[in-house]
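Asks: Sharing a structure, written as structure tokens. Questions coming.
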Amino acid sequence: MARTASKSLFTADLILPAIGDAFRKLNPRELIRNPVMFTTAVVAMLLTVLLAVGQDGLAIGFKLQLVIWLWLTVLFGTFAEALAEGRGKAQAASLRAAKAELTAKRLKGDGREAESVPASALRVGDIVLVETGDLIPSDGEVVAGVASVNEAAITGESAPVIREAGGDRSAVTAGTRVISDEIRVRVTVNPGQGFLDRMIALVEGAERQKTPNEIALTLLLVGLTIIFLIAVGTIPSFASYAGGAIPVSVLAALLITLIPTTIAALLSAIGIAGMDRLVRFNVLAKSGRAVEAAGDIDVLLLDKTGTITVGDRQATEFRPVGGASAAQLAQAALLASLADETPEGRSIVVLAREKFGQTTTALPATADIIPFTAQTRISGVKIDGSTIQKGAVDSVLHANPGLGSTPVADELRRITDEIGRAGGTPLAVAQDGKLLGAIFLKDIVKAGIRERFGELRAMGIRTVMITGDNPLTASAIAAEAGVDDFLAQATPEDKLALIRKEQQGGRLVAMCGDGTNDAPALAQADVGVAMNTGTQAAREAGNMVDLDSDPTKLIEVVGLGKQLLMTRGALTTFSVANDVAKYFAIIPAMFVVLYPGLGVLNLMGLASPQSAILSAIIFNALIIPLLVPLALKGVAYRPIGAGPLLARNLAIYGLGGLIAPFAGIKIIDLAVNGLGLA
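In this note's numbering, the protein residues as written are 29 to 706.
Below, the structure written as structure tokens:
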């Protein structure tokens with residue numbers, strides 16, 4: 029499986045731009061999108077003004093340190109988001125450079141002449157000629173020709189793929205290169221709306237929308253901020269009643285340590301990093317919601333052709349009848365297929381050469397080709413006075429009256445029944461009215477797919493293959509691929525109905541497909557993964573696109589979805605526990621003068637109220653950059669149950685969140701007093 033190159037978290041080409049972006053993100057219009065950090069910035073600005081006025085009785089050095097560390101708290105939060113965006117921007121820059129190179133040979137009205145134009149001048153419906161060595165200038169559909177295309181710029185895969193007119197392998201992507209032959213492509217998108225444009229926007233995070241889970245957590249953080257704001261606002265009244273006063277700077281410090289700044293600073297970075305990790309697995313998610321939904325998938329539906337199988341039937345065996353030899357059958361099948369440009373026809377030629385050493389490479393000029401038609405369902409060739417026919421068994425028997433009731437025909441039917449039960453498709457071959465045998469055409473299951481479905485099963489995901497084949501063929505392919513269930517002779521309506529049935533049962537459904545007939549199901553599924561080799565309709569309908577066209581990639585997608593949810597949950601647990609521990613540092617220090625009895629809560633043995641306040645604020649700021657690597661890398665996912673997972677999170681991040689502030693604040697307190705800062 030190909031993956032795009034990933035950058036280290038802390039390199040100069042990422043950190044330096046992120047520092048600049050962190051300052052730019054102090055713009056109130058950007059900062060307001062994170063209400064907790066916006067509140068912190070407002071408090072920092074207030075203390076900056078009070079520092080200039082200097083009328084609250086506190087030492088200027090103490091207030092200056094508070095101001096510096098509050099602004100650093102805000103900057104560390106914006107830096108985390110900027111650093112998360114940085115890796116996506118680096119990849120987007122290389123994609124944008126590739127896009128800038130694109131020019132097109134647009135065909136004029138009669139289709140005979142081509143004019144060179146910038147790719148940006150192309151419009152939907154234009155036909156462009158793409159020859160060997162040319163970059164495909166726009167997303168489109170092949171309308172004529174067949175070519176080998178290098179898609180490494182998009183997928184990272186070095187092996188070329190075949191793109192041809194008709195079927196589910198006609199979609200092409202801007203920025204990929206034709207390495208043999210030529211094709212004519214009909215443009216399907218206007219400038220700025222193509223797959224490459226969307227990819228650039230996605231990896232930059234410019235169109236990233238908050239997921240329901242993220243929105244809910246943001247609302248919780250805002251609610252906590254409002255509650256603590258009200259609580260801190262009432263403190264001066266209580267202090268006055270007790271016969272004392274608390275400076276505004278101290279109240280501001282208390283507010284910042286109370287509100288959940290840690291998770292608020294990292295929340296956006298977690299979401300951006302989650303989508304970035306998905307991109308590095310060569311999967312594009314059109315929304316963060318799709319990534320999260322993937323973490324809770326129960327059922328995976330997969331289209332057979334092009335998803336579970338390679339997409340084209342391949343000749344795998346020659347089965348002779350009536351005394352004919354396999355070599356005779358192979359020779360006749362080869363001659364009948366030399367002019368057949370279908371994938372099946374080409375595979376027959378390859379099999380005859382590999383298994384029987386057939387060396388004929390071209391038909392003589394005198395040969396008369398018998399073209400395939402939907403009416404006859406037969407193709408072949410007339411050569412040197414001999415007629416060779418290849419096609420559906422019933423069609424070949426019907427075209428040769430008298431063969432249908434012979435023992436050889438009965439033998440052929442027995443063989444073709446065996447092929448059908450094995451999940452294959454038989455083609456009969458006859459020469460001059462004599463049956464030679466059958467060709468076994470088989471849907472080739474993608475390598476390693478059975479083991480990968482086993483991994484999905486271990487993760488609790490049920491796999492269902494969907495196909496238009498008859499139940500006999502579907503059963504054979506399902507058994508070979510190792511799926512849990514199958515739906516045969518399925519129409520687009522059947523696929524849609526199955527997804528809705530599963531969803532009504534409370535299950536989250538993922539659908540993998542590549543054809544136009546998969547588009548409704550891809551749109552209905554909670555996670556619709558379209559294969560990049562599929563049609564434009566399929567890629568538009570899905571909310572994810574797998575650039576490697578590997579249906580079992582959902583294993584990684586599910587793992588990344590769970591990792592995103594786990595990372596957010598783990599850091600939220602840490603943040604809440606972290607805040608609880610900070611209360612024991614700053615609250616006793618603030619109120620011990622008014623209520624001496626609170627001194628028993630000074631569990632850390634902090635030197636003075638000023639030292640406690642400053643130490644808590646410094647720790648509050650420093651913990652954010654210390655957690656940035658975890659937010660960007662993510663918590664490691666292991667397939668364990670919800671109960672053990674909760675216990676593990678509480679033990680590591682809950683207990684860790686309680687212990688870290690006690691140790692951290694005490695160490696900072698010792699340093700602050702040792703350096704005479706408080």
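Cβ atoms here follow ideal geometry from the backbone N, Cα and C, with glycine treated the same way.
Just so it is clear, the structure is predicted and the values come from calculations on it, not from any experiment.
Please state whether DSSP places P11 in a helix, a strand or coil.
Replies: Lying outside 29 to 706, the shown extent of the chain, residue 11 is not represented and no answer is given.
Asks: Does the segment 441-452 come within contact of the segment 303-314, defined as at least 3 CB pairs closer than 8 Å?
Replies: no
Asks: So what does DSSP say about A234, is it helix, strand or coil?
Replies: Working through the sequence shown from its first residue, we reach residue 234 at position 206. Bear in mind that a pLDDT of 43 at A234, under 50, signals an unreliable position, so the model cannot answer this.
Asks: For a test of the three-state rule: what should DSSP assign to K314, helix, strand or coil?
Replies: Counting from 1 along the sequence shown, the entry for residue 314 is found at position 286. Note: K314 maps to coil in three-state DSSP.
Asks: Can you check DSSP and say which residues form a bridge with F107?
Replies: Stepping through the sequence shown from its first residue, residue 107 is reached at position 79. DSSP lists no partner for F107.
Asks: From this set, V278, A609 and I155, which residue's C-alpha is nearest L86's C-alpha?
Replies: For the purposes of this step, residue 86 is identified with residue 58 of the sequence shown, where counting begins at 1. The residue with the shortest Cα to Cα distance from L86 is V278.
Asks: Evaluate Q359 with the Cβ neighbour count: other Cβ atoms within 10 Å of its Cβ, from every protein chain shown; 16 or more gives buried, anything less gives exposed.
Replies: By one-based count along the sequence shown, residue 359 stands at place 331. With 16 or more Cβ atoms within 10 Å of its Cβ, Q359 is classed as buried.
Asks: Using the rule of at least 16 other Cβ atoms within 10 Å of the residue's Cβ for burial, across every protein chain shown, is N498 buried or exposed?
Replies: As a working mapping, residue 498 is identified with position 470 in the sequence shown. So N498 counts as exposed.
Asks: Using alpha carbons as the reference points, say which of F90, P188, Q417 and G685 lies closest to N701.
Replies: If you number the sequence shown from 1, residue 701 lands on position 673. Among F90, P188, Q417 and G685, the Cα nearest to that of N701 belongs to F90.
Asks: Flag this pair as yes or no: are the beta carbons of T76 and Q564 separated by less than 8 Å?
Replies: Position 48 of the sequence shown holds residue 76. Position 536 of the sequence shown holds residue 564. Against a cut-off of 8 Å, the Cβ pair of Q564 and T76 comes out as no contact.
Asks: Give the straight-line distance between the Cα atoms of L524 and T333, rounded to the nearest whole angstrom.
Replies: As a position in the sequence shown, residue 524 is number 496, starting the count at 1. As a position in the sequence shown, residue 333 is number 305, starting the count at 1. Taking the straight line from one Cα to the other gives about 17 Å.
Asks: Tell me which residue opens and which closes the beta strand (DSSP E) that N178 is part of.
Replies: The residue given as residue 178 occupies position 150 in the sequence shown. Its beta strand (DSSP E) spans residues G168 to N178.
Asks: Measuring alpha carbon to alpha carbon, tell me which of V378, R214 and I47 ends up nearest T388.
Replies: Start at 1 with the first residue of the sequence shown, and residue 388 comes out as number 360. Minimum Cα distance to T388 is reached at V378.
Asks: Counting along the chain, where does the beta strand (DSSP E) carrying K133 start and finish?
Replies: The sequence position of residue 133 within the sequence shown is 105, counting from 1. Looking at the DSSP string, the run of the beta strand (DSSP E) that includes K133 is T131 to L135.
Asks: I'd like the span of the beta strand (DSSP E) that includes V700, first residue to last.
Replies: On the sequence shown, position 672 is the one that residue 700 refers to. Taken as a continuous stretch (DSSP letters only), V700 belongs to no beta strand (DSSP E), being part of the alpha helix (DSSP H) at L683 to G702.
Asks: For a test of the three-state rule: what should DSSP assign to L328, helix, strand or coil?
Replies: Walking along the sequence shown from the start, residue 328 turns up at place 300. In this structure, DSSP gives L328 an extended state, which the three-state scheme calls strand.
Asks: Helix, strand or coil: how does DSSP classify T32 here?
Replies: In the sequence shown, the residue the question calls residue 32 occupies position 4. For T32, the predicted model reports a pLDDT of 42, less than 50, meaning its position is unreliable and no value from the coordinates is stated.
Asks: Check each candidate in L294, K474 and I477 and name the one with the smallest Cα separation from A598.
Replies: Locating residue 598 in the sequence shown gives position 570, where the first residue counts as 1. Looking at the Cα atoms, L294 is the closest of the given residues.
Asks: Measure how close the beta-carbons of I489 and D326 come, nearest whole angstrom, since I'm counting them as under 8 Å.
Replies: Here residue 489 refers to the residue found at position 461 when the sequence shown is read from its first residue. Here residue 326 refers to the residue found at position 298 when the sequence shown is read from its first residue. About 7 Å separates the two Cβ atoms, so the contact holds.
Asks: So the alpha helix (DSSP H) V377 belongs to, where does it begin and stop?
Replies: To locate residue 377, count along the sequence shown from 1; it is residue 349. V377 -> alpha helix (DSSP H) spans P371 to F384.
Asks: DSSP three-state label for R535, please.
Replies: As a working mapping, residue 535 is identified with position 507 in the sequence shown. DSSP places R535 in coil when its eight states are reduced to three.
Asks: Does DSSP put P348 in a helix, a strand or coil?
Replies: Taking the first residue of the sequence shown as 1, we reach residue 348 at position 320. Reduced to three states, the DSSP call for P348 is strand.
Asks: Can you have a look at R134 and say buried or exposed, based on whether 16 or more other CB atoms are within 10 angstroms of its CB?
Replies: For this step, residue 134 is matched to residue 106 along the sequence shown. Per the 10 Å Cβ criterion, buried.
Asks: Tell me, please, which residues DSSP counts as bridged to I397.
Replies: As a first step, residue 397 is located in the sequence shown; it is residue number 369 there, counting from the start. Answer is V409, bridged to I397.
Asks: With H, G and I counted as helix, E and B as strand and the rest as coil, what does DSSP make of G184?
Replies: Taking the first residue of the sequence shown as position 1, residue 184 is located at position 156. Its pLDDT being 48, under 50, G184 is placed unreliably by the model, and the measurement read from it follows with that caveat. It is coil, neither helix nor strand.
Asks: Candidates I645, S148 and E382: which alpha carbon is nearest I284's?
Replies: As a first step, residue 284 must be located in the sequence shown, where it is residue number 256. Distance check between I284 and each of I645, S148 and E382 places I645 closest, using alpha-carbon atoms only.
Asks: Mind checking L703: buried by the 16 CB within 10 Å criterion, or exposed?
Replies: Stepping through the sequence shown from its first residue, residue 703 is reached at position 675. Exposed, by the Cβ-count rule.
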